[in-house]
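Residue numbering for the sequence shown follows the numbering used here, beginning at 820 and increasing consecutively. Think of the CB as a built atom: it goes at the ideal place given N, C-alpha and C, for glycine as much as any other residue. Read the structure below first, then the notes.
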Amino acid sequence: MGTISLSGNIMMNRLFSIAKPALAILAALLVAGCGGGRGISDSKGTLAVIEIAKKSPTSVGDCPVKVTISNRMNIGWDGVSYHLAMHNRKGVSVGRLMGSPRKKTPAGEDLMDTGSVLGVKCEDITGLALVYFGYYPTGKKEAHAHVKSVRVILK
820 MGTISLSGNI MMNRLFSIAK PALAILAALL VAGCGGGRGI SDSKGTLAVI EIAKKSPTSV
880 GDCPVKVTIS NRMNIGWDGV SYHLAMHNRK GVSVGRLMGS PRKKTPAGED LMDTGSVLGV
940 KCEDITGLAL VYFGYYPTGK KEAHAHVKSV RVILK
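Next up, the structure:
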């Protein structure tokens, strides 16, 4: 039995001596993968800021808006896609705004867009929530951004 126990200890030592470097490499890869999102330049981890400014209302009851999307990343964009839910004073969704402007936007610059919230009076829009945001890194396919990494402002 002493021999079996000794063999078991030797085998376990060999297993752990092989597993330690593999575990160290795996841990390093996991830690590297948990770093901030790619291209973030904002100290708070904000990829973009979307600012919605309501314009003069139309006679048909729609609310025209100016959309300014600030690129807070350290990479340029070929464009973005966004979907915002417009809320009333009670926090209930009363409309939506979607856009997909394609315009080269260098790091740190703004992308301008316009749109209308259909069937909603401007005075009824008191808040908003981001439903979706994606960006097109220069020369690449669309990358989805988590909604918590994009700040939205209603003016």
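- For S900, the enclosing beta strand (DSSP E) begins and ends at 896-906.
- For M917, the CB contacts under 6 Å within the same chain, skipping 5 residues up- and downstream, are H902 in chain order.
- Comparing alpha carbon positions, the residue from G914, K873, K967, V884 closest to T933 is V884.
- Using a 10 angstroms sphere on the CB of I888, the tally of other CB atoms reaches 16 or more, which defines it as buried.
- Within 10 angstroms of the beta-carbon of N893 lie fewer than 16 other beta-carbons, which makes it exposed.
- Taking a contact as a CB-CB distance under 8 Å, the pair L937 and V971 does not count as one, their CB atoms being some 19 Å apart.
- Our two residues, A867 and S878, have alpha carbons roughly 33 Å apart in a direct line.
- The residues H906, in chain order, have a CB closer than 6 Å to that of G946 in the same chain once the five nearest residues on each side in sequence are set aside.
- Non-local C-beta neighbours of P925 in its own chain, meaning closer than 6 Å and more than five positions away in sequence, comprise G895, ordered along the chain.
- Between the alpha carbons of I871 and G953 lies a distance of about 17 Å.
- Under DSSP, E870 shares a beta bridge with T887, I972.
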